[in-house]
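Numbered as in the numbering used here, the sequence shown ends at 175 without a single skipped number.
Where is the CB? At the ideal position from N, CA and C, for every residue including glycine.
Here the structure comes first, spelled out in structure tokens, and everything after it is commentary.
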Amino acid sequence: MEYTDEYVHINYVSSPANASGVTEVVINHDNNRAPYALVEVISATIHSDTDVDTTFVVATEEVAGNVRNTANKGTSLALVDYFAPLDNAGGQDFVYQLLRQGTKALYSNTRTLHFYFTTAAGATILPADGTITGYNVMLKISRPVVGEVQPAYRTQIPL
């Protein structure tokens with residue numbers, strides 16, 4: 017099957033989290049009727065004021081059809097691991113980066129996704145905590161090319 021790819025950049029300035037730590041991201045701007053979208057994190061960098069956590073998890077509130085987590089809450093898309101400390105004008109700045117490939121999660125008929133970060137233990141990171149001081153995440157959204165799905169389904173539907 018042929019796919020159309022779209023890339024979405026999420027950062028702490030243009031996509032700030034609400035008080036619950038959730039960032040809403042539109043992944044289907046043209047509102048086409050693709051039956052599903054494959055979403056993967058292809059790049060991620062998180063800045064933190066602490067190196068207590070070894071990993072942050074990029075997750076969505078929506079449940080994907082092919083990815084599970086043991087908390088049975090949303091979908092874990094990627095693990096962003098501790099990378100290096102930086103000296104930020106005399107203050108501490110700890111950098112976390114996506115070092116491995118994230119999951120390729122399948123979402124059905126989704127226009128928006130609600131992203132949030134957790135610790136490796138599953139605790140949601142809230143803006144009020146001040147743990148995450150900045151982030152940049154690049155998503156790859158793949159959808160079937162319009163018209164590619166219909167013929168495949170026609171052969172499967174009994175008339």
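Would you mind stating whether residue i and residue j have Cβ atoms separated by less than 8 Å?
| i | j | result |
| --- | --- | --- |
| L102 | D109 | yes |
| T126 | V41 | no |
| L155 | V38 | no |
| T119 | F72 | no |
| A140 | S64 | Here residue 140 turns out to be Thr, not Ala, going by the sequence shown. No, these two residues do not count as a Cβ contact at 8 Å. |
| T91 | T70 | no |
Please list the terminal residues of the continuous beta strand (DSSP E) segment that includes residue i.
| i | result |
| --- | --- |
| R116 | Taken as a continuous stretch (DSSP letters only), R116 belongs to no beta strand (DSSP E), as it is neither H nor E. |
| N152 | I148 to P160 |
| I58 | Y52 to S64 |
Have a look at residue i and residue j and give me their C-alpha separation to the nearest angstrom.
| i | j | result |
| --- | --- | --- |
| P160 | I43 | 14 Å |
| N152 | A121 | 19 Å |
| V55 | A33 | 20 Å |
| F131 | A87 | 16 Å |
Does residue i come out as helix, strand or coil in the three-state DSSP assignment?
| i | result |
| --- | --- |
| A144 | helix |
| E22 | strand |
| N34 | coil |
So, is the C-beta of residue i closer than 8 Å to a C-beta in chain D?
| i | result |
| --- | --- |
| T70 | Considering every chain present, this structure includes no chain D. It has just one protein chain. |
Contact the stretch 23–30 vs the stretch 78–95: 3+ CB pairs below 8 Å:
no
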